[in-house]
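K.L.:
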Amino acid sequence: MASKIEVKDLLEAGVHFGHLTRKWNPNMSPYIYMERNGIHVINLYKTVAKLDEANEALKKIAASGRKILFVATKKQAKDIVADKVSNVNMPYITERWPGGMLTNFVTIRKAVKKMAAIDRMKKDGTFKTLSKKERLQVDRLRAKLEKNLGSISDMTRLPGAIFIVDTMREHIAVKEAQKLNIPIFAIVDTNSDPRPIDYVIPANDDAGKSIEVIMTEVTNAVAEGLSERKNDKQDEAKDAPVAEGKAPAKAKEPAVAKEEAEPVAEKTEKAKEPVVEKVAEPVVEKVEEVVEEVKEEPKAEEKKPKKAAKSKADDLTKVEGIGPKAAEALTNSGIATFGDLAKADPEKIKETLTEASSRMAHLDPTSWPKQAQMAADGKWDELKEWQDNAKGGVE
669 MASKIEVKDL LEAGVHFGHL TRKWNPNMSP YIYMERNGIH VINLYKTVAK LDEANEALKK
729 IAASGRKILF VATKKQAKDI VADKVSNVNM PYITERWPGG MLTNFVTIRK AVKKMAAIDR
789 MKKDGTFKTL SKKERLQVDR LRAKLEKNLG SISDMTRLPG AIFIVDTMRE HIAVKEAQKL
849 NIPIFAIVDT NSDPRPIDYV IPANDDAGKS IEVIMTEVTN AVAEGLSERK NDKQDEAKDA
909 PVAEGKAPAK AKEPAVAKEE AEPVAEKTEK AKEPVVEKVA EPVVEKVEEV VEEVKEEPKA
969 EEKKPKKAAK SKADDLTKVE GIGPKAAEAL TNSGIATFGD LAKADPEKIK ETLTEASSRM
1029 AHLDPTSWPK QAQMAADGKW DELKEWQDNA KGGVE
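Position one of the sequence shown corresponds to residue 669 (this note's numbering), numbered consecutively onward.
#1: For Glu703, which of Glu1019, His684 and Lys986 has the nearest alpha-carbon?
#2: Let me know the secondary structure DSSP gives Val683 once reduced to three states.
#3: Return the chain-ordered ranges of every beta strand (DSSP E) run that is complete within the segment 802-858 and spans a minimum of 3 residues.
#4: Under DSSP, the beta strand (DSSP E) around Leu737 begins and ends at which residues?
#5: Among residues of its own chain, excluding the 5 on either side of Ile850, which ones have a beta-carbon nearer than 6 Å to its beta-carbon?
#6: Helix, strand or coil for Pro710, going by three-state DSSP, please let me know.
#7: Are the CB atoms of Pro992 and Thr985 within a distance shorter than 8 Å?
#8: May I ask you to report which of helix, strand or coil DSSP gives Arg1067?
#9: Quick one: which unbroken alpha helix (DSSP H) runs of 4-plus residues sit fully inside the segment 991-1024? Chain order, please.
#10: Would you call Gly686 buried or exposed, if buried means 16 or more other Cβ atoms sit within 10 Å of its Cβ?
#11: Nearest CA to the CA of Asn705: which residue from Met696, Gly1007 and Arg690?
#12: Going by beta-carbon coordinates alone, are Leu848 and Thr741 separated by less than 8 Å?
#13: Could you give the distance in angstroms between the alpha-carbon of Glu880 and the alpha-carbon of Asp792?
#14: Count Cβ pairs between the segment 752-761 and the segment 731-739 that sit closer than 8 Å; are there 3 or more?
#15: How about Met836 and Ser819: do their beta carbons lie closer than 8 Å?
#16: Can you tell me which of the three DSSP states Glu880 falls into?
#17: My output table needs one value for Leu688: the three-state DSSP class, helix, strand or coil.
#18: Mind checking which residues open and close the beta strand (DSSP E) that includes Arg788?
#19: For Glu970, does the three-state DSSP call read helix, strand or coil?
#20: Just to confirm, are Thr858 and Ile700 a CB contact at a threshold of 8 Å?
#21: State the CB to CB distance for the pair Gln1039 and Glu996, rounded to an integer number of angstroms; the pair is presumed to be in contact (CB under 8 Å).
#22: Count the other CB atoms within 10 Å of the CB of Lys718; is the residue buried (16 or more) or exposed (fewer)?
#23: When the Cα atoms are used, what is the spatial distance from Ala731 to Leu894?
#24: Looking at Asp982: is its Cβ nearer than 8 Å to the Cβ of Thr1005?
#25: In the DSSP assignment, the beta strand (DSSP E) including Ile869 goes from what residue to what residue?
#26: Helix, strand or coil: how does DSSP classify Met702 here?
#27: Pick helix, strand or coil for Asp1049, following the three-state DSSP scheme.
#28: DSSP on Lys742, reduced to helix/strand/coil?
#29: Taking 8 Å as the threshold (C-beta atoms), are Ile832 and Ala722 in contact?
#30: Helix or strand or just coil, what does DSSP make of Gly989?
#31: Look up Lys800 in the DSSP assignment and say whether it is helix, strand or coil.
#32: Indicate the three-state DSSP secondary structure (helix, strand or coil) for Arg1027 in the structure shown.
#33: Helix, strand or coil for Thr715 per DSSP?
#34: Of the residues Asp1032, Lys727 and Asn693, which one's Cα is nearest the Cα of Asp853?
#35: Since Ser878 and Gly733 are thought to touch, with beta carbons under 8 Å apart, how far apart are those beta carbons, to the nearest angstrom?
#36: Would you identify the three-state DSSP class for Thr1034, choosing helix, strand or coil?
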C-alpha cells in the first residue's frame, strides 16, 4: 500500500480551516481542535486517521468489483473530481444531482440508453433521414444528456458506495443513499452534520487544494483495489490451463478406434455382395407398392391448400370500434377471424390491446364478440342495422 499522508501535507493544503464559529454544527465538536480568530480549526490527526479508515474501505469495495459514485457539484470541486476520478474509471456527478438518481435508478438508465440510441442512429444512417430541425433537436438532447449523465453511462447497477464533497450541498444524495443503505463516504466541514455519514473525513470542503489532496489519496486507494482485482484475475487465468491439460488424454481413443475400424470395414465389404443379391427382389416389390401409394398422395395434398384458404384472416375493421392498429394487435395475438373474435373474452381482448399500446386502453370491446358472431354467420344486413342503432359499437 502507498505511504500514508502526513499531517504536514494536510496543513500546507489548508485542510484544517473550518467555517466561522457561528456557523458550526455541534455534532462536529469531536473533530474540532480549537477556535482561532472566530474560525474553527479541524484536528488534522483525526483527519489522517479517518482518511486511512475510509481508504481501506474504498479499497475493499473497488477490489470486489463494485462501482463507487463520486458526487461534487460545487464550482471548486467539480473539475478536480472529474479529473481524478476519470483516471480510475469510476462514475461521477459534477453538474447537477438528478433527483431520484439512486431511488429511481431505472428511469435514469432509460435516459442513458437514449444517448446510446442516438449514437446508433448516427452510425446506421437513420440520423441523416431526419429534417434539419429534427437533427438539431436530437443533437441538443444528446449534448444535454452527455453533460448531466455522460459520466455514469457505464454504471449499469446501483453503486457499492457513494463519495460526497460537501454534504450540505448534496443533502438529496445523502438521503437517497441512506434510504437504499448504500455506504456514504464524505468530506465533512465544521458546518455539516456527520451523523448520516458512514465514513467521515473531517476537512475543509471549500478550498481547491484541500479537496485535491483528499481526492488524490482516495483515488489512489481505489486504484490499489482495482489493481488487486486485476492481479487476482490473472492468477485465476494461470490456474485455468492446469484444468485444460486433461483434454489430450482423451485424444488416444480415436487411434484405438481406427485399428478396430479397419477389420470391420473389410467384413462389411465382403458382406455387401451376397446381401444385395438376396435383398434385391423383395426391395423391388416394395418400391412398386410405394410408387402406387405416392400416385394417390397428391390428391390428399391438393385438398390442404383449400382448407388453408378458409383460415385466412378476416377484415376485423368491419366490427364497429376496431381500427387498423387494433385489428393488427388482435391478429398478432391469434384472433384473426370473426369466429375467433366471437369466442374471445372482452376482458382478455382489452388486456391484449393495452399490452400492444397504451393508446388503445380506452377501447371498449364489450360488443365486439356479438358483432363478430353476426359477421361470421354472414348476417351483414343485421350487423349494419345494429351498428346504425348502437353508438360507437356499444349497446
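No residue lacks a Cβ here, since even glycine has one placed at the ideal position from N, Cα and C.
P.N.:
On the basis of the data shown:
#1: His684
#2: coil
#3: 829-833 and 852-856
#4: Ile736 to Val739
#5: Ile830
#6: Looking at the sequence provided, one finds Ile at residue 710 rather than Pro. Strand.
#7: In contact: Thr985 and Pro992 (Cβ atoms closer than 8 Å).
#8: Given a span of 669 to 1063 for the chain in the structure shown, any question on residue 1067 remains unanswerable.
#9: 992-1000, 1006-1011 and 1014-1024
#10: buried
#11: Of the candidates Met696, Gly1007 and Arg690, the one whose C-alpha sits nearest the C-alpha of Asn705 is Arg690.
#12: Cβ distance not < 8 Å, so Leu848 and Thr741 don't count as in contact.
#13: 42 Å
#14: Using a C-beta cut-off of 8 Å, the segment 752-761 makes contact with the segment 731-739, since at least three inter-stretch Cβ pairs fall below that distance.
#15: No, the Cβ-Cβ distance between Met836 and Ser819 is not below 8 Å.
#16: helix
#17: strand
#18: Arg788 -> not in any beta strand (DSSP E); alpha helix (DSSP H) instead, spanning Phe773 to Asp792.
#19: At Glu970 the pLDDT is 45, less than 50, meaning the model places this residue with poor confidence and gives no usable figure here.
#20: Result yes, Cβ atoms of Thr858 and Ile700 sit closer than 8 Å.
#21: Wrong, their Cβ atoms sit about 18 Å apart, outside the cutoff.
#22: buried
#23: 5 Å
#24: yes
#25: Tyr867 to Pro870
#26: strand
#27: helix
#28: coil
#29: no
#30: Gly989: coil per DSSP, three-state reduction.
#31: helix
#32: helix
#33: helix
#34: The sequence shown places Phe at residue 853, not Asp. Nearest option by C-alpha distance: Lys727.
#35: With 8 Å as the limit, Ser878 and Gly733 do not qualify as a contact, their Cβ atoms being about 31 Å apart.
#36: coil
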